[in-house]
Every structure is written in C-alpha cells, then in structure tokens.
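Novice:
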Amino acid sequence: DAKTTQPNSMESNEEEPVHLPCNHSTISGTDYIHWYRQLPSQGPEYVIHGLTSNVNNRMASLAIAEDRKSSTLILHRATLRDAAVYYCILGRAARQLTFGSGTQLTVLP
Amino acid sequence: EPEVTQTPSHQVTQMGQEVILRCVPISNHLYFYWYRQILGQKVEFLVSFYNNEISEKSEIFDDQFSVERPDGSNFTLKIRSTKLEDSAMYFCASKEREAPDTQYFGPGTRLTVL
Numbered sequence: 001d002a003k004t005t006q007p008n009s010m011e012s013n014e015e016e017p018v019h020l021p022c023n024h025s026t027i028s029g030t031d032y033i034h035w036y037r038q039l040p041s042q043g044p045e046y047v048i049h050g051l052t053s054n055v056n057n058r059m060a061s062l063a064i065a066e067d068r069k070s071s072t073l074i075l076h077r078a079t080l081r082d083a084a085v086y087y088c089i090l091g092r093a094a095r096q097l098t099f100g101s102g103t104q105l106t107v108l109p
Numbered sequence: 110e111p112e113v114t115q116t117p118s119h120q121v122t123q124m125g126q127e128v129i130l131r132c133v134p135i136s137n138h139l140y141f142y143w144y145r146q147i148l149g150q151k152v153e154f155l156v157s158f159y160n161n162e163i164s165e166k167s168e169i170f171d172d173q174f175s176v177e178r179p180d181g182s183n184f185t186l187k188i189r190s191t192k193l194e195d196s197a198m199y200f201c202a203s204k205e206r207e208a209p210d211t212q213y214f215g216p217g218t219r220l221t222v223l
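Here the protein sequences come in this chain order: F and S. Position one of the first sequence corresponds to residue 1 (our numbering), numbered consecutively onward. Position one of the second sequence corresponds to residue 110 (our numbering), numbered consecutively onward.
(1) Report the neighbours of SER157(S) on chain F: residues whose CB is nearer than 7 Å to its CB, in chain order.
(2) I need the straight-line Cα distance from THR191(S) to GLY43(F), nearest angstrom please.
(3) Taking C-alpha atoms, which residue in ILE27(F), VAL18(F) and TYR36(F) lies nearest to THR4(F)?
(4) Taking just the CA atoms, how far does THR116(S) sit from ARG219(S)?
(5) Please confirm if the segment 141-149 of chain S is in contact with the segment 188-206 of chain S, defined as three or more CB-CB distances below 8 Å between the two stretches.
(6) So GLN212(S) contacts chain A; which residues on that side make the cut at Cβ distance below 9 Å?
(7) Take SER53(F) as the anchor and find which of ARG37(F), TYR32(F) and ASN23(F) has the nearest alpha-carbon.
(8) Among GLU153(S), ARG131(S), LEU193(S) and TYR142(S), whose alpha-carbon lies nearest the alpha-carbon of ILE163(S)?
(9) Return the chain-ordered list of same chain residues with a C-beta closer than 7 Å to the C-beta of ILE169(S), the five sequence neighbours on each side being excluded.
(10) Tell me, which residues are paired with VAL113(S) by DSSP?
(11) Can at least three beta-carbon pairs, one atom from the segment 77-86 of chain F and one from the segment 4-18 of chain F, be found at a separation below 8 Å?
(12) Report yes if the C-beta distance between VAL121(S) and LEU186(S) is below 9 Å; otherwise report no.
(13) Chain S partners of GLY100(F), CB-CB under 8 Å?
(14) Can you tell me whether ARG77(F) is helix, strand or coil according to DSSP?
(15) For chain S, find out if any of its Cβ atoms is closer than 9 Å to the Cβ of TYR87(F); answer yes or no.
(16) Determine the DSSP secondary structure at LEU148(S), reduced to helix, strand or coil.
(17) Please state the DSSP three-state secondary structure of GLU11(F).
(18) What's the call for HIS34(F), buried or exposed, on a 16-neighbour Cβ count within 10 Å?
(19) Please report the residue range of the beta strand (DSSP E) in which ILE64(F) lies.
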C-alpha cells in the first residue's frame with residue numbers, strides 16, 4: 001500500500017478552522033484518500049473520502065491537490081469534541097484500512 | 110443511526126484460555142473486519158470477511174485466530190489459546206458494499222490477558 005506522511009501533532013483554537021495536511025507522493029491512480037479519526041477511548045470514525053475532486057460533507061472538507069500527491073482535511077470550526085487522532089489512509093474499494101500514526105489534534109478553548 | 114455493537118466491552122482472561130469476541134455489524138452490510146490496537150500503538154488490520162469466507166488476513170492472524178458468522182447477524186473473533194501479547198482493544202467494522210464506502214467501527218472490546 002502507498003504510504004502517507006502526516007505531522008505527529010497539531011493545535012488549534014476552538015471555533016477556528018483547522019487544516020490537517022497529508023502527503024502521499026506514491027499514490028496510485030486507483031487509491032482513494034480516506035480520513036478517519038479516533039476520539040479518546042473510542043473506535044475509529046469515518047470523516048470523509050475522495051478520489052480526485054474536492055469533497056464536502058457535514059463533518060469536514062477534503063481538498064485534494066491536482067497531482068493527488070497531497071491532500072488537506074479541513075475542519076471549518078474546530079470544537080473541543082474534534083480533539084482526536086486524525087488518520088489519512090489510502091486504499092481501494094473493499095480492502096482493509098492501513099492505519100499509520102496519524103495527527104493528534106489538540107483543540108484549545 | 111445504525112451502529113456496530115460489540116460485546117463484551119471488557120474481557121479478562123488467563124493466558125492459554127480461549128476467548129470469543131462478539132460483534133453485531135450493521136444489518137445490510139456485507140463486508141466485515143477485525144482490527145486490534147495494542148495500548149499506545151497503531152490500529153492494525155487482522156482479517157476481512159465477505160460472502161462467508163475470509164477475503165484477506167494479516168500476518169498477525171495466525172492459526173490461533175478464527176472468525177465466524179454463525180447466524181447471519183453475529184460476527185465473532187475467536188482466539189484459541191491467548192497469550193499476554195494478545196492484550197489489546199479489538200475493533201469490529203462493517204461496510205455495506207465494495208465501493209470505497211465508510212467502514213463503520215464498533216466501540217471495541219478491551220481484552221486483558223493475565
């Protein structure tokens with residue numbers, strides 16, 4: 001599976017936007033970009049996914065670079081409940097998810 | 110909203126004992142997964158299951174592990190003879206179809222092997 005690189009940690013102030021970057025320079029044409037998050041003591045939770053175009057849903061937006069070698073998860077207004085580990089994962093169709101270390105997001109009140 | 114459930118939430122067992130971890134996936138889902146997360150480490154894939162058979166498994170999923178979907182609703186993970194290093198959170202996940210859709214994760218079972 002192609003590898004992703006994310007910062008170990010990021011901080012944000014509450015009610016401000018957060019941009020979580022992910023580099024995936026070896027992405028293949030059939031790899032989707034998935035974002036999951038894991039709140040403390042919980043199972044992973046789907047956030048968003050995309051292939052080539054930018055995507056929006058009620059939780060977040062996903063901005064994908066034109067060459068697909070990087071992407072950014074955007075939380076438009078961070079809340080304390082958004083404090084979690086965010087994982088950027090490449091994958092295809094029904095295959096399993098390969099989790100890396102992710103980015104620990106701290107939201108400051 | 111439908112959710113994946115897992116029981117028990119916490120299982121304590123003695124080394125060498127068999128344990129069965131249970132999951133009830135979302136009812137119309139066809140793909141099922143087990144993952145585990147040792148404390149402080151990454152979430153690791155164990156096995157995927159589709160059409161009543163294993164579709165993929167990792168190196169962790171050795172002969173001590175087995176999965177079953179005994180009755181069309183439950184999805185179980187059995188560890189035949191537990192080792193200390195099997196202590197971890199075990200997460201079940203399910204997915205509706207082959208398309209790159211959401212995997213829905215359960216809350217996990219914490220397994221402690223003494």
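A virtual CB, placed ideally from N, CA and C, is assigned to each residue, including glycine. These numbers come from a predicted model, not from an experiment.
Specialist: Well, looking at it:
(1) Reading the second sequence from its first residue, position 48 is the one you call residue 157(S). The contacting residues are GLN96.
(2) Residue 191(S) sits at position 82 when you count from the first residue of the second sequence. Residue 43(F) sits at position 43 when you count from the first residue of the first sequence. The straight-line gap separating the alpha-carbon atoms of THR191(S) and GLY43(F) is approximately 22 Å.
(3) Here residue 4(F) corresponds to residue number 4 of the first sequence, with the count starting at 1. Taking only the C-alpha atoms, the option nearest THR4(F) is ILE27(F).
(4) Position 110 of the second sequence, counted from the start, is the residue given in the question as residue 219(S). Position 7 of the second sequence, counted from the start, is the residue given in the question as residue 116(S). Cα-Cα distance, rounded: 10 Å.
(5) When C-beta atoms of the segment 141-149 of chain S are compared with those of the segment 188-206 of chain S, three or more pairs fall below 8 Å, so the two segments count as touching.
(6) Absence of chain A from the displayed structure is noted, the protein chains being F and S.
(7) Looking up residue 53(F) in the first sequence gives position 53. The option with the nearest alpha carbon to SER53(F) is TYR32(F).
(8) Locating residue 163(S) in the second sequence gives position 54, where the first residue counts as 1. ILE163(S) has its Cα closest to that of TYR142(S), out of GLU153(S), ARG131(S), LEU193(S) and TYR142(S).
(9) Looking up residue 169(S) in the second sequence gives position 60. Contacts found: GLU153 and LEU155.
(10) As a first step, residue 113(S) must be located in the second sequence, where it is residue number 4. VAL113(S) is not bridged to any residue.
(11) A contact exists between the segment 77-86 of chain F and the segment 4-18 of chain F.
(12) Your numbering for residue 121(S) matches position 12 in the second sequence. Your numbering for residue 186(S) matches position 77 in the second sequence. The answer is no: Cβ separation not under 9 Å.
(13) To locate residue 100(F), count along the first sequence from 1; it is residue 100. Near GLY100(F) (Cβ distances below 8 Å), the residues of chain S are LYS151.
(14) Residue 77(F) sits at position 77 when you count from the first residue of the first sequence. For ARG77(F), the secondary structure class from DSSP, reduced to helix, strand or coil, is coil.
(15) As a first step, residue 87(F) must be located in the first sequence, where it is residue number 87. TYR87(F) counts as touching chain S.
(16) On the second sequence, position 39 is the one that residue 148(S) refers to. It is coil, neither helix nor strand.
(17) Here residue 11(F) refers to the residue found at position 11 of the first sequence. Strand at GLU11(F).
(18) Stepping through the first sequence from its first residue, residue 34(F) is reached at position 34. Under this definition HIS34(F) is a buried residue.
(19) The count along the first sequence starts at 1 and reaches residue 64(F) at position 64. Per DSSP, the continuous beta strand (DSSP E) segment holding ILE64(F) begins and ends at 61-64.
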